[in-house]
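In our numbering, the protein residues as written are 1076 to 1142.
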């Protein structure tokens, strides 16, 4: 859950044009300068965690389905 007004990003995962997952409202890490400007911090950690969570869920789903 994000705080109101906090920047977010959405992730759309596809394979060969087929949608595999939509992950909405991932919080974007930001820093605030002394003058009050928002600066977006590196997104790689956020994307890495989101993609890993998707992969884990996909593998769990396949295992439960016996695939």
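Each residue gets a CB set at the ideal place from its N, CA and C atoms; glycine is no exception.
Alpha-carbon to alpha-carbon, residue 1136 and residue 1112: 42 Å
Reduced DSSP category for residue 1120 - H, G, I as helix; E, B as strand; rest coil: helix
Given residue 1128 as reference, the closest of 1114, 1081, 1086, 1079 once Cα atoms are compared: 1086
Residue 1131 to residue 1080 span [Cα, whole Å]: 30 Å
Residue 1099 Cβ short of 6 Å to the ligand NAD heavy atom set: Because no ligand of any kind appears in the structure shown, any question about the ligand NAD cannot be addressed here.
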